[in-house]
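Number of protein chains: 2
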Amino acid sequence: MKYVAKIEVSLKPGHSNPEGETTARLLIELGYNVEAVDVSKVYTVHLDAESFDDAKAKAEEMSKRLLANPTKDDYSISVVEQ
Amino acid sequence: MKYVAKIEVSLKPGHSNPEGETTARLLIELGYNVEAVDVSKVYTVHLDAESFDDAKAKAEEMSKRLLANPTKDDYSISVVEQ
Chain L
280 MKYVAKIEVS
290 LKPGHSNPEG
300 ETTARLLIEL
310 GYNVEAVDVS
320 KVYTVHLDAE
330 SFDDAKAKAE
340 EMSKRLLANP
350 TKDDYSISVV
360 EQ
Chain E
280 MKYVAKIEVS
290 LKPGHSNPEG
300 ETTARLLIEL
310 GYNVEAVDVS
320 KVYTVHLDAE
330 SFDDAKAKAE
340 EMSKRLLANP
350 TKDDYSISVV
360 EQ
């Protein structure tokens with residue numbers, strides 16, 4: 280069956296976040312009252328799996344093996360059947 | 280008041296998506312049954328605004344002026360009070 284896994288990869292707290300800092304600075308220069316910006320990436324993976332639990336386990340594995348760097352990244356996963 | 284705006288910026292359909300294609304190829308090489316991968320970026324903006332509607336309008340403006348490229352990007356916004 281076909282599933283869609285949304286895997287959001289974000290920096291762990293305390294890690295340097297140059298893209299977010301630059302974005303915040305630019306928004307402030309444009310006149311917005313911004314305190315901070317965090318930037319994360321979402322991988323929307325269209326995959327075949329045997330069941331919802333299988334799709335979730337596979338998305339978890341993909342995150343650990345390829346998409347997230349365990350030293351600096353956190354990730355969260357949501358899966359829907361298509 | 281303080282609000283958090285999550286602005287997700289993704290490629291419009293039909294636009295070349297080299298990062299997603301490379302990620303899909305790597306996942307397939309690792310043995311996963313993957314059809315396609317889309318990659319999008321989420322800006323989590325911590326901002327001050329006068330009301331919920333004001334925060335939403337500001338996030339909309341920020342997307343148009345800085346965060347999304349109108350030629351190739353779609354964006355969606357969700358705002359919560361902090």
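Chains as they are written, first to last, in the working numbering: chain L, 280 to 361; chain E, 280 to 361. Glycine residues also receive a C-beta, built at the ideal position from the N, C-alpha and C atoms.
Query: How should L/M280 be labelled, buried or exposed, when 16 other C-beta atoms within 10 angstroms of its C-beta is the threshold for buried?; Result: exposed
Query: Could you work out which residues of chain E lie near L/K363, taking near to mean beta carbons separated by less than 8 Å?; Result: As shown, chain L starts at 280 and ends at 361. That puts residue 363 of chain L outside it, with no answer to give.
Query: For L/K359, count the other beta carbons within 10 Å of its own beta carbon; 16 or more makes it buried, fewer makes it exposed. Which is it?; Result: Note that residue 359 of chain L is Val in the sequence shown here, rather than Lys. Under this definition L/V359 is an exposed residue.
Query: For L/M300, decide whether its Cβ has a neighbour in chain E, counting only Cβ atoms nearer than 9 Å.; Result: Inspection of the sequence shows that residue 300 of chain L is occupied by Glu rather than by Met. So no, L/E300 is outside the interface.
Query: In the DSSP assignment, what residue or residues form a beta bridge with L/Y282?; Result: L/L326 and L/E360
Query: Between the Cα of E/V283 and those of L/V313, L/E298 and L/N348, spot the shortest distance and give me the residue it belongs to.; Result: L/V313
Query: If we define contact as Cβ-Cβ less than 9 Å, is E/K320 a contact residue for chain L?; Result: yes
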